[in-house]
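Under this note's numbering, think of the first position of the sequence shown as 24, with each following residue one higher.
Note that beta-carbon positions come from the ideal geometry of N, C-alpha and C, so glycine has one too.
To start, the structure itself, in structure tokens.
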Amino acid sequence: MRRRVRRGIDLDITPLIDILFMLIIFFVLTATFVQGRMEVELPRGDGEPQRESQTLLVSVTSGGTIRWGGETVLSEDLPVLAERAVAESRDILLAGDRAAPYGVVAELLNVLSQKGLTSVGLALEGTPAP
Numbered sequence: 024m025r026r027r028v029r030r031g032i033d034l035d036i037t038p039l040i041d042i043l044f045m046l047i048i049f050f051v052l053t054a055t056f057v058q059g060r061m062e063v064e065l066p067r068g069d070g071e072p073q074r075e076s077q078t079l080l081v082s083v084t085s086g087g088t089i090r091w092g093g094e095t096v097l098s099e100d101l102p103v104l105a106e107r108a109v110a111e112s113r114d115i116l117l118a119g120d121r122a123a124p125y126g127v128v129a130e131l132l133n134v135l136s137q138k139g140l141t142s143v144g145l146a147l148e149g150t151p152a153p
């Protein structure tokens, strides 16, 4: 009797290894690396005191609520607040919620422009370039 010779199935794993290495390279290149910090003791000086940020964040929520620098305000208070921002030479950054009523944002921009704040920055969510 003749013995049957079994042939083993050869499994070529080269493409699998190639894909695995490509995934490893992809994850290594796209990983965010934590930048190292060095602790430095700064010298003391009699310099000018640090000023608070000159940019004021004004936001409109999806419900139409206006927040001026983190505090909820009424639309009747906007002219006084805008005059104060002009007097303090503060920059305005307007962050309107995507679902915010357009009329509230338009009213806010109108009040700001009437009080002399014609250069208002708009906060936008980043989108990929075409």
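* To do: Using alpha carbons as the reference points, say which of Ala54, Gly87, Gly93, Gln77 lies closest to Val109.
  => Gln77
* For Gly144, three-class secondary structure by DSSP -> strand
* Where Ile47 sits in the DSSP three-state scheme -> helix
* **beta strand (DSSP E) runs contained entirely in the region 93-133, provided each spans 3 or more residues** => 94-96, 114-119
* To do: Within its chain, find whatever has a CB closer than 7 Å to the CB of Val128; leave out the 5 residues flanking it on each side and keep chain order.
  => Val83, Gly119
* Please report how far the alpha carbon of Ser136 lies from the alpha carbon of Val143, in whole angstroms. => 9 Å
* Return the first residue and the last residue of the beta strand (DSSP E) that Ser82 is part of. => 78-83
* Under a three-way DSSP split, which group does Ile42 fall into? -> helix
* Asked: When the distance is taken between beta carbons, is Leu80 closer than 9 Å to Arg90?
  -> yes
* Grab the span of the beta strand (DSSP E) containing Arg160 for me, first residue to last. => Any answer about residue 160 is impossible in this case: the structure gives the chain only from 24 up to 153.
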